[in-house]
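In what follows, a structure is listed as structure tokens, so that the remarks can point back to it.
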Amino acid sequence: MNALVTPNNKGEISCTQASLMAMDEAMERDPTVLVFGEDVADQEGGGIVGATSGLSTKYGSSRVRSTPIAEQAIVGAAVGAAIAGMRPVAEVMMMNFMTVAMDQIVNHAAKIRFMSGGKTGVPLTIRTMSGVGGGFGGQHSDMYEAWLAHVPGLKVVVPSNPADQKALLTSCIFDDDPCIFIESTLLMGTRGPAPEADYSAPLGKAKIVREGGDVTLIGYGRPMVDAAMAAEALSKEGVSVELIDLRSIVPFDRDTVMNSVAKTGRAVILHEAVRSFGVGAEISARINEELFGQLKAPVRRIGGLDCPVPFSAALEREYMWSVERIVDTVRTTLD
Amino acid sequence: MNEVTGISGHNQPDSETLVEIFSKAMLIKLCDDRIRAVLRSGKIVSPHYSPRGQEVVSAAMATALRQGDYLVTIYRGLHDHLAKGVPLRQLWAEYAGRVTGSCKGKGGPMHITHPEAGVVVTTGIVGSGIPIANGLALASQVRGEDRVTVTNFGDGASNIGAFHEALNMASVWKLPVIFLCHNNRYAEHTRYEDCTAVDSVATRGIAYTMPGVSVDGNDPVEMYRAATAAVDRARRGEGPTLIEARTFRFEGHNYGDPGHYIPKDVYAAALADDPLPKFRAKLVSEGHADEARVAGIEAKILADIDDAVAFALASDWPEKAELRRDVFVQELAA
């Protein structure tokens, strides 16, 4: 059957199309792949941004189902179906809604393989969406990847561009462990080169986006766009930034990060989630544990301020990262 | 049978079926008696949530199921585990935290798992198995199998949000699942009447256009009839059933709970109505099995328990490397 996504005449797809492409190919390839969540079927519009558009028509209403607005039931059903040998892709519309289903995610999806001594496993994927900067306020913007990465048993993946979004989601769907796949609300319409047919992105493999020798800038997700601009601006000042896109928080690509920081002696970590007790703090701690004597400056972190995500654009701009903040923070490591 | 709404069961168990239910129920009782004795001795240190008094509910349900049907249960799950066929040796070794246990000692009694017998999930969180059961049933429905999933929980769990979310979804999707509420009249220490807005959990099926039946769970005939009716309905693809099995919990919420919150007269009346001696007397008096056969069943169970306890206590502890195994399919780098 025809693929649901065709790149435009520039060979580009959007991040929304990237997720759709991954699910379309996975459902075509493997009859155990199921998709369900709020409004995901075509009768309900194929997802609020269209990421599941066409799936229910192509694969039928048994494998692609719109659900009640009931996150415990959605994630619970994904846990059960996965234990029974299916590969469910459950959609939790916004990441803040995952808090409603945390019992299923933390107590069940993450732990069942260990608690059963390996007799059962939970090969599910939960797709969700979030991000700061869209004026969505305190309950539709949070990034909780650090909460999830803190639970042994979960894999946590955050793409930053269409090609990786397609390849990483494919990796999650066919992974035998539970994967949380965090899409950026504000990147969903962003276009980029469509991946070649054989392009893959294994979980736990970071990407060196730009090579450099003076300082390592580590990030993931939407801030990578601004990180690239900051690296370009810094290069004009003669500062050579090595830019790393982690792509997955768990598994963490220790080798790529440590090899880079060992080379540059300086590290800045960037994420949109709140800075305190976040992923940046963990990476900073690991860098200090492994490379203390080789560091030329303290490891710095850029993240959200310690308050709920505000609504007002004036406040939200202050809350979040910017190209200027990245440039300024990198400079502090060079003084 | 006090039918609240929907279906009623007409499958009268024959003598051999009754003997099978009895054998499972007596296995549960004698195993539970021994667990509490061993815990008192200190040879095994473990949490324990005794199902004493509730044996017939699980025994009758399991007898209505096939080996391949899925069962989901909770921390008070010993009765369900044994009825559905978890081997005694692996069960006892898991209580003892040994590597020969059903989960290599890594889960403990609150997470017994034995897929070969269909025991796929045991959860320690009140109500959480209910939405998971939907997913197991969903897999069967998508594949076109006639496998049935039963999820067990207490009356307290019927007040949890996940119960209501799951019943609604199961009804909308006509999933082959049976929601079996063991109403033992106490949610931890709180009386059913003091924390539940309906007189009968079975009436909650009405809100989800699902048959809800309330039965004397301690009566093997009534319980078996309700179980087979629900199983048949699910296998035919007609959708879920909510069964409320009325029963009583003899040994408090957990091991060590003296149950002071239960009025003395209520407790005494429940003990006087212990389903096991009653069931035993019924088997013999109605001629389903003679005394010698029943005594033989009991002797065999006791010998099997002796063997399982010895096996568990002689087994090795899990090695330290187990801490890194089964977190993920493949161990991640540190």
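Order-wise, the sequence lines are chains A and B. Each step along the first sequence adds one to the number in the numbering used here, with nothing skipped, and position 194 is 184. Each position in the second sequence, counted from 1, maps to that position plus 25 in the numbering used here. Note that CB positions come from ideal geometry on N, CA and C, so glycine has one too. Model, not experiment: these values are computed from the prediction.
- Query: Would you say the segment 45 to 52 of chain B touches the segment 303 to 315 of chain B, given that touching needs at least three Cβ pairs under 8 Å?
  - Reply: At 8 Å Cβ cutoff, the stretches touch.
- Return no unless some Cβ of chain A is closer than 9 Å to the Cβ of Ala86/B. Ala is not the amino acid found at residue 86/B; the sequence shown has Met there. With 9 Å as the cut-off, Met86/B does not count as an interface residue toward chain A.
- Span separating the alpha-carbon of Gly124/A from that of Arg181/A: Cα-Cα distance, rounded: 18 Å.
- Item | Proximal chain B residues relative to Ala136/A, where beta-carbon distance stays under 7 Å | By Cβ distance, chain B contributes nothing, its closest Cβ being about 17 Å from Ala136/A, past 7 Å.
- Query: Looking at the structure shown, is Lys195/A part of a helix, part of a strand, or coil, going by DSSP?
  - Reply: If DSSP states are grouped into helix, strand and coil, Lys195/A belongs with coil.
- Task: Counting only the same chain and skipping the five closest in sequence on each side, list residues whose C-beta sits under 6 Å from that of Tyr217/B.
- Result: Sequence-distant partners of Tyr217/B (beyond 5 residues in either direction) whose C-beta falls short of 6 Å from its own C-beta, in its chain, are Asp180, Arg210.
- Query: Are the C-beta of Leu163/B and some C-beta of chain A separated by less than 9 Å?
  - Reply: Under the Cβ criterion of 9 Å, Leu163/B is counted among the residues facing chain A.
- Task: Evaluate Leu305/A with the Cβ neighbour count: other Cβ atoms within 10 Å of its Cβ, from every protein chain shown; 16 or more gives buried, anything less gives exposed.
- Result: It counts as exposed.
- According to the neighbour-count rule (16 or more other Cβ atoms, all chains shown, within 10 Å of its Cβ), is Gly203/A buried or exposed? Exposed.
- What in chain D is Cβ-close to Val145/B, meaning under 7 Å? Although the question refers to chain D, the structure presented lacks it and instead comprises the protein chains A and B.
- Item | Contacts around Glu173/A, its chain only, beta-carbon distance under 6 Å, and the 5 residues preceding and following it disregarded | Contacts found: Met119.
- Quick check: the segment 31 to 47 of chain A against the segment 181 to 200 of chain A, are there 3 or more CB pairs under 8 Å? Contact fails: fewer than three Cβ-Cβ distances are below 8 Å.
- Give the interface partners of Pro142/A over in chain B, defined as CB-CB distance under 8 Å, in chain order. Going along chain B in sequence order, the residues near Pro142/A (Cβ under 8 Å) are Val352.
- Message: Based on DSSP bridge pairs, tell me the residues matched to Tyr211/B.
- Response: For Tyr211/B, which the question treats as bridged, DSSP gives the partners Arg216/B.
- Query: Any beta-carbon of chain B closer than 9 Å to the one on Lys48/A?
  - Reply: By this cut-off, Lys48/A is not an interface position.
- Item | DSSP state of Ala263/A mapped onto helix, strand, coil | Strand, per DSSP.
- Query: Between which two residues does the beta strand (DSSP E) carrying Asn177/B extend?
  - Reply: Taken as a continuous stretch (DSSP letters only), the beta strand (DSSP E) holding Asn177/B covers 174 to 179.
- Item | Exposure of Gly169/B, with buried meaning 16 or more beta-carbon neighbours within 10 Å | Exposed is the call here.
- Whole-Å CB distance - Leu224/A paired with Val317/A, under 8 Å assumed: In this structure, Leu224/A and Val317/A form a Cβ contact; the two beta carbons are roughly 6 Å apart against a cut-off of 8 Å.
- Message: For Met26/B and Gly143/A, I'd like the C-alpha separation in whole angstroms.
- Response: Legend: pLDDT at Met26/B = 44, less than 50; position of this residue unreliable, value from coordinates given subsequently. In a straight line, the C-alpha of Met26/B is about 45 Å away from that of Gly143/A.
- Task: Kindly list the residues whose CB is nearer than 6 Å to the CB of His104/B, restricted to its own chain and excluding five residues on each side of it in sequence; keep chain order.
- Result: The beta carbon of His104/B lies closer than 6 Å to those of Ile53, Pro76, Gln79, Glu80, Ser83 in the same chain, with the five residues before and after it left out.
- Message: Does chain B have any CB closer than 9 Å to the CB of Thr326/A?
- Response: Chain A is shown only over -9 to 325; residue 326/A falls outside these bounds and no answer can be derived.
- Which of helix, strand or coil does DSSP assign to Ser83/B? The answer is helix: DSSP assigns Ser83/B an H, G or I state.
- Identify which residue in Asn177/B, Glu347/B, Glu263/B, Pro140/B has its Cα closest to the Cα of Val124/B. With distances taken between Cα atoms, Val124/B lies closest to Glu347/B.
- When the cut-off is 9 Å and only beta carbons count, does Ile208/A lie next to chain B? With respect to chain B, the C-beta atom of Ile208/A has no partner C-beta closer than 9 Å.
- Message: Distance cutoff 9 Å, beta carbons only. Does Gln33/A sit that close to anything in chain B?
- Response: Chain B contact via Cβ: absent.
- Bridge partners - Pro183/A, DSSP secondary structure assignment: For Pro183/A, which the question treats as bridged, DSSP gives the partners Glu2/A.
- When Ile259/A, Val299/A, Val264/A are compared against Arg276/A, the one with the closest alpha-carbon: Comparing Cα positions, the closest option is Ile259/A.
- Which residue from Ala158/B, Ser66/B, Val202/B puts its Cα closest to that of Gly70/A? Checked all of Ala158/B, Ser66/B, Val202/B; the closest Cα to Gly70/A is Ala158/B.
- Within the chosen definition, does the segment 83 to 92 of chain A reach the segment 171 to 179 of chain B through at least 3 CB pairs nearer than 8 Å? The segment 83 to 92 of chain A is not in contact with the segment 171 to 179 of chain B.
- Task: Decide yes or no for the touch test of the segment 248 to 266 of chain A against the segment 197 to 217 of chain A: beta carbon pairs closer than 8 Å, at least 3 of them.
- Result: Here the segment 248 to 266 of chain A lies against the segment 197 to 217 of chain A, with 3 or more beta-carbon pairs under 8 Å apart.
- Task: Count the C-beta pairs between the segment 9 to 23 of chain A and the segment 72 to 83 of chain A that are closer than 8 Å, then say yes if the count reaches three, no if not.
- Result: Contact holds: three or more Cβ-Cβ distances are below 8 Å.
- Item | Proximal residues of chain B, C-beta to C-beta of Pro241/A below 7 Å | For Pro241/A, the C-beta contacts it makes with chain B under 7 Å involve Leu357, in order along the chain.
- Query: Between the C-alpha atoms of Ser131/A and Thr138/B, what's the straight-line distance to the nearest angstrom?
  - Reply: Between Ser131/A and Thr138/B, the C-alpha separation is close to 38 Å.
- To which residues of the same chain is Ala271/A closer than 6 Å at the C-beta, ignoring the five residues directly before and after it? Exclusion of the five residues before and after Ala271/A leaves no residue of its chain whose Cβ lies closer than 6 Å to its Cβ.
- Interface residues of chain A facing Thr148/B [CB-CB closer than 8 Å]: Within 8 Å Cβ-Cβ: Asn97, His98.
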